Amino acid sequence: KRNMMVFNSNNLEVRVFAPSLDKMEITGSGDITIASGLKTDKDLSMSIVGSGDINGLNIRCAQLSLSVTGSGDIELNHITAENTQARVTGSGDIELSGTTQSADYTVSGSGDIDAVKLEANNVLASVTGSGDISCHAVSALKAHRSGSGSISYRGNPQQVDIPRKGVYRF
Numbered sequence: 001k002r003n004m005m006v007f008n009s010n011n012l013e014v015r016v017f018a019p020s021l022d023k024m025e026i027t028g029s030g031d032i033t034i035a036s037g038l039k040t041d042k043d044l045s046m047s048i049v050g051s052g053d054i055n056g057l058n059i060r061c062a063q064l065s066l067s068v069t070g071s072g073d074i075e076l077n078h079i080t081a082e083n084t085q086a087r088v089t090g091s092g093d094i095e096l097s098g099t100t101q102s103a104d105y106t107v108s109g110s111g112d113i114d115a116v117k118l119e120a121n122n123v124l125a126s127v128t129g130s131g132d133i134s135c136h137a138v139s140a141l142k143a144h145r146s147g148s149g150s151i152s153y154r155g156n157p158q159q160v161d162i163p164r165k166g167v168y169r170f
């Protein structure tokens, strides 16, 4: 049901079988586990506002958009997407693996994005604050950093636009 609230002090498990899914959202606390993979030709959005967690594997979609605001965590393995966008605001973490054509990573605050196992042709990475981004850039890397955070990258991109300090190659 849409806009339904459940108040329960015990564990509550809900299994969803849907022919189409384009958005998952946690507001507050709670966990989402994608146990059997998710494949769609459409865009897919996952967001956490609060302290929840999203875990999954075998995610295939056109555009993957991930957002953590607060202390939540997202861990997705074996991603296949044309474009991947990941944003952390606060102390949350995002960990990704798989392949994508282009990736856009942003950290504001003390959170981290670990995408060194997500191979991307083109990477745009931006850190504001004390957070860190680790990524894998194949063809191009453009990075921006302000604050004490750092950006680390794997790969040998031919096009590199990075600041003098705070960006490191593995």
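In our numbering, the protein residues as written are 1 to 170.
Beta carbons: idealized from backbone N, C-alpha and C, even for Gly.
Quantities reported herein were computed from a predicted structural model and do not represent experimental measurements.
CA-to-CA, the gap between S130 and Y168 works out to about 15 Å. The three-state secondary structure of T40, taken from DSSP, is coil. Taken through DSSP and simplified to helix, strand or coil, K165 comes out as coil. Relative to I59, the option among F170, H78 and I162 whose CA is nearest is H78. For A143, the enclosing beta strand (DSSP E) begins and ends at D132 to S146. Collapsing the DSSP output to three states places R87 in a strand. By the neighbour-count definition (other C-beta atoms within 10 Å, threshold 16), P163 is an exposed residue. A140 is positioned such that its CB atom lies closer than 7 Å to that of N122. Proximity to S91 across Y105, S97 and G70 peaks at G70, based on C-alpha coordinates.
Remark: C-beta atoms of L96 and A115 approach each other more closely than 7 Å. Within the DSSP secondary-structure output, G50 pairs in a beta bridge with G28 and G70.
The residue among S65, T89, V88 and G72 with its C-alpha nearest the C-alpha of T80 is S65. For D22, there is no enclosing beta strand (DSSP E), as DSSP marks it with neither H nor E.
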